[in-house]
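Chemist:
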Amino acid sequence: MLLFKYAAKETRRMLHLKAIIPIRIGSRYISEDVIRNTLGFFLFYISIFAVTTMVLTTMNIDLESAIGASASAIGNIGPGLGAFGPTDNYALLPAFGKWMLCFCMLLGRLEIFTVMVLLSRTFWK
């Protein structure tokens with residue numbers, strides 16, 4: 001809901017360049033930091049989903065199966081679609097694809113920002 005309200009706000013700001021338009025959910029105003037963090041999480045999520053899907057399609061996996069496997073891994077939503085559906089398994093996937101989906105499962109389960117912090121150099125200094 002926050003993303004849709006932000007899109008509406010930016011559309012109104014295109015018409016009124018100097019307008020200050022706050023975003024409210026219920027009776028609470030949402031700060032710009034919360035909006036920025038939400039947008040960052042959403043963009044990371046979609047980017048990881050898209051990259052995983054593209055990498056799986058380069059391994060001769062059909063698009064439906066690649067989308068299903070990516071969504072299943074990062075979203076922790078159960079069986080995928082197509083070749084990775086409820087009646088099949090991930091055995092036909094190459095080893096790199098399995099590792100990539102394992103990493104996506106970690107990102108989905110532990111949250112993206114947590115894993116990104118663990119992978120950053122500044123965390124380990």
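Heads up: the sequence shown is residues 1 to 125, going by the working numbering. Note that beta-carbon positions come from the ideal geometry of N, C-alpha and C, so glycine has one too. Here the structure is a predicted model, which means the values were calculated and not measured.
1. I'd like the list of long-range same chain contacts for I77, defined as Cβ closer than 7 angstroms, with 5 residues on each side in sequence excluded.
2. Going straight from the alpha carbon of S120 to that of Y90, what length do you get?
3. Since Y29 is in the beta strand (DSSP E), which residue starts that stretch and which ends it?
4. How do the segment 100-107 and the segment 40-60 stand: do at least 3 beta-carbon pairs fall below 8 angstroms, yes or no?
5. Is the beta carbon of F84 sitting closer than 8 angstroms to the one on S65?
6. Just verifying my parser: in three-state terms, what is the DSSP assignment at I25?
Modeler: Working from what's here:
1. A71, listed in sequence order.
2. Here the alpha carbons of Y90 and S120 stand approximately 30 angstroms from one another.
3. Counting along the chain, the unbroken beta strand (DSSP E) around Y29 starts and ends at 28-30.
4. Yes: the two stretches touch, three or more of their Cβ pairs being nearer than 8 angstroms.
5. Cβ distance < 8 angstroms, so F84 and S65 count as in contact.
6. Looking at I25 - three-state DSSP - the assignment turns out to be strand.
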